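Asks: With UniProt numbering, letter number 188 in the sequence shown gets 188, and the count goes up by one each step, no holes.
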Amino acid sequence: MDSAAAVLFGKTRQAVLALLFDQPGASYYLREMSRMSGIAPGPLQHELTQLHKADLVVRSQDGNRVTYQANIAHPAFSDLQGLVSKTCGVPAQLTAAFAPHVARIAFAAIYGSLAKGTNHARSDVDLLIVGDIDLQTALAAVAPVEARIGREVSVRIFSREEYRARRARQDHFIEGVMTGPLTPLLGAPDDA
Numbered sequence: 001m002d003s004a005a006a007v008l009f010g011k012t013r014q015a016v017l018a019l020l021f022d023q024p025g026a027s028y029y030l031r032e033m034s035r036m037s038g039i040a041p042g043p044l045q046h047e048l049t050q051l052h053k054a055d056l057v058v059r060s061q062d063g064n065r066v067t068y069q070a071n072i073a074h075p076a077f078s079d080l081q082g083l084v085s086k087t088c089g090v091p092a093q094l095t096a097a098f099a100p101h102v103a104r105i106a107f108a109a110i111y112g113s114l115a116k117g118t119n120h121a122r123s124d125v126d127l128l129i130v131g132d133i134d135l136q137t138a139l140a141a142v143a144p145v146e147a148r149i150g151r152e153v154s155v156r157i158f159s160r161e162e163y164r165a166r167r168a169r170q171d172h173f174i175e176g177v178m179t180g181p182l183t184p185l186l187g188a189p190d191d192a
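Here it is in structure tokens:
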């Protein structure tokens, strides 16, 4: 992950915050969070208890079943969500996943519901990549991220030439993506 995330949050807190604050409204069981994050239930339980005491996490119990979710009513929710997104959330995880391939990518950005802030618990993550990276390499890079976040990452790849040609002819898909909200990961649209 990002060095800022490591300074601000321990590994377990990063995992909990990334799961809960990147997907507001989503609730998880402890074992589900353990499976997704690769962190043992004990440390996760400790972290969730601390966050619940601070009122940052809501704990719901139905019989023996306990779920956790971000407290979207907390006054610091939107600020914390922004910080999580930039340091250990989906954008940071995808940026790290593509770091070994940065020389082959002119521009990469998240678009769609996650960039708009209208995503829900099971929304996929829409990712646009412009460069010379092949689909198989891109899918291999996103696979560990998908496993951690429990969501599909839908990858659209265009070569620089194809991207420029589509921009020049005002292709409906490309124009829709480029005029809508974007969360840039690598490069800039003008670099492509």
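Built from N, CA and C at the ideal position, the CB exists for glycine as well.
The structure displayed is predicted, hence computed values, not measured ones.
When the Cα atoms are used, what is the spatial distance from T49 to K116?
Replies: In the sequence shown, residue 49 corresponds to position 49, counting from 1. In the sequence shown, residue 116 corresponds to position 116, counting from 1. Whole-angstrom Cα-Cα distance: 31 Å.
Asks: Take the Cβ of residue 216 as the centre, count every other Cβ of all protein chains shown within 10 Å, and call the residue buried at 16 or more, exposed below.
Replies: Only positions 1 to 192 of the chain appear in the structure, and residue 216 is not among them; the question remains open.
Asks: Since residue 199 and H74 should fall inside the 8 Å C-beta cutoff, what is the C-beta to C-beta distance between them, to a whole number of angstroms?
Replies: One cannot answer for residue 199 here, as it falls past the ends of the chain, which runs 1 to 192.
Asks: Based on the DSSP secondary-structure assignment, which residues constitute the bridge partners of F128?
Replies: Position 128 of the sequence shown, counted from the start, is the residue given in the question as residue 128. Strictly speaking, residue 128 in this sequence is Leu, with Phe absent from that position. A109 and R156, per the DSSP bridge assignment.
Asks: Helix, strand or coil: which one does DSSP assign to D134?
Replies: Position 134 of the sequence shown, counted from the first residue, corresponds to residue 134. Of the three classes helix, strand and coil, the one that applies to D134 here is coil, per DSSP.
Asks: Return the Cβ separation of V130 and R151 in integer angstroms, given the expectation that the two are a contact with Cβ distance under 8 Å.
Replies: Taking the first residue of the sequence shown as position 1, residue 130 is located at position 130. Taking the first residue of the sequence shown as position 1, residue 151 is located at position 151. Between R151 and V130 the Cβ distance is about 23 Å, and since that is not below 8 Å, they are no contact.
Asks: When the Cα atoms are used, what is the spatial distance from R59 to P189?
Replies: To locate residue 59, count along the sequence shown from 1; it is residue 59. To locate residue 189, count along the sequence shown from 1; it is residue 189. Rounded to whole angstroms, R59 to P189 spans 42 Å at the Cα level.
Asks: Out of curiosity, what's the CA-to-CA distance linking P100 and D132?
Replies: Counting from one through the sequence shown, the residue named residue 100 turns up at place 100. Counting from one through the sequence shown, the residue named residue 132 turns up at place 132. Roughly 13 Å separates the two Cα atoms.
Asks: Based on Cα-Cα distance, which residue from A97, S27 and L83 lies nearest to A70?
Replies: Working through the sequence shown from its first residue, we reach residue 70 at position 70. Among A97, S27 and L83, the Cα nearest to that of A70 belongs to S27.
Asks: In angstroms, rounded to a whole number, what distance separates the CA positions of A6 and R164?
Replies: The residue given as residue 6 occupies position 6 in the sequence shown. The residue given as residue 164 occupies position 164 in the sequence shown. C-alpha separation (whole angstroms): 38 Å.
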